[in-house]
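Residue numbers (my numbering): 335 to 529.
All residues carry an ideal CB built from backbone N, CA and C; glycine is no exception.
Below you'll find the structure, written out as structure tokens, and then a few comments.
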């Protein structure tokens, strides 16, 4: 994962690429951690890295499968809200990351099967934080919302990871992808500049 999104060919490709970039930021945030570390809560927040990954995977699946594709996913409703933010017995970070990759593939397949990103997506009724005066969003709107939601939680993940062990995004990305030496060389060159 480079630190910026690759060049995109069109709107659909761009929306999916930016969503993938934010997913990668969450994946990188748990690089090198044990399940116990990823489940820990080093700040006064109730959030953990594992919990964030579990949450964003569930939220993306909800939006894409239930809201856009209009197919019910009963297992999304079988768990209490708080459990959706924590690593439960028998769950692992590796398992959460596998689930998140499957959700990403499902999103790509659903979006790939939609001819027009302007296609209406009905706004569910009775959800207090959804607008009551709007009948439909578009697939485009849902993708933008998922990018926003995922980016918000990727920012949370940055803070949590730094609180755990001081790990920061570029250093973690370099370690995960094997370009640590390049990062260190660039940092040395950059710190010597007087721009």
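Residue i burial status per 10 Å Cβ neighbour count (16 or more: buried)
i, result
"residue 460", "exposed"
"residue 382", "buried"
"residue 397", "buried"
"residue 366", "exposed"
"residue 390", "buried"
"residue 495", "buried"
"residue 484", "buried"
"residue 439", "exposed"
"residue 449", "exposed"
Cβ distance (whole Å) where residue i is taken to contact residue j below 8 Å
i, j, result
"residue 280", "residue 402", "Since the displayed the chain opens at 335 and closes at 529, residue 280 lies outside it and no answer follows."
"residue 356", "residue 481", "6 Å"
"residue 351", "residue 340", "6 Å"
"residue 385", "residue 419", "4 Å"
"residue 407", "residue 416", "The Cβ separation is near 19 Å, so there is no contact."
Residue i, enclosing alpha helix (DSSP H) - first and last residue
i, result
"residue 435", "427–446"
"residue 485", "473–499"
"residue 396", "It is not in any alpha helix (DSSP H) - residue 396 carries neither H nor E in the DSSP assignment."
"residue 413", "Premise fails: residue 413 is in no alpha helix (DSSP H) and is neither H nor E."
"residue 517", "514–525"
"residue 347", "345–363"
"residue 369", "369–373"
"residue 380", "Residue 380 -> no alpha helix (DSSP H), and no H or E assigned at all."
"residue 511", "503–511"
Pick from the options that is closest to residue i, judged by C-alpha positions
i, options, result
"residue 394", "340, 366, 462 and 435", "435"
"residue 457", "448, 444, 471 and 365", "471"
"residue 409", "353, 416, 441 and 392", "392"
"residue 500", "344, 346 and 363", "363"
"residue 441", "494, 353 and 338", "353"
"residue 337", "505, 522 and 525", "505"
"residue 430", "447, 411, 519 and 368", "368"
"residue 486", "348, 387, 343 and 344", "387"
"residue 348", "446, 467, 503 and 414", "446"
"residue 428", "412, 464, 404 and 371", "371"
Any non-hydrogen atom of the ligand FAD closer than 7 Å to residue i Cβ
i, result
"residue 422", "No copy of the ligand FAD appears in this structure; indeed no ligand is present at all."
Span of the beta strand (DSSP E), counted from its first residue to its last, around residue i
i, result
"residue 455", "454–456"
Next on the checklist: Check whether the segment 508–523 and the segment 415–426 are in contact - that is, three or more C-beta pairs closer than 8 Å.
Outcome noted: no
Next on the checklist: Would you call the segment 374–388 in contact with the segment 469–483, where contact means no fewer than 3 C-beta pairs closer than 8 Å?
Outcome noted: no
Next on the checklist: Whether or not the segment 365–375 and the segment 482–491 are in contact is what I'm after, with contact meaning three or more pairs of Cβ atoms, one per stretch, closer than 8 Å; do they touch?
Outcome noted: no
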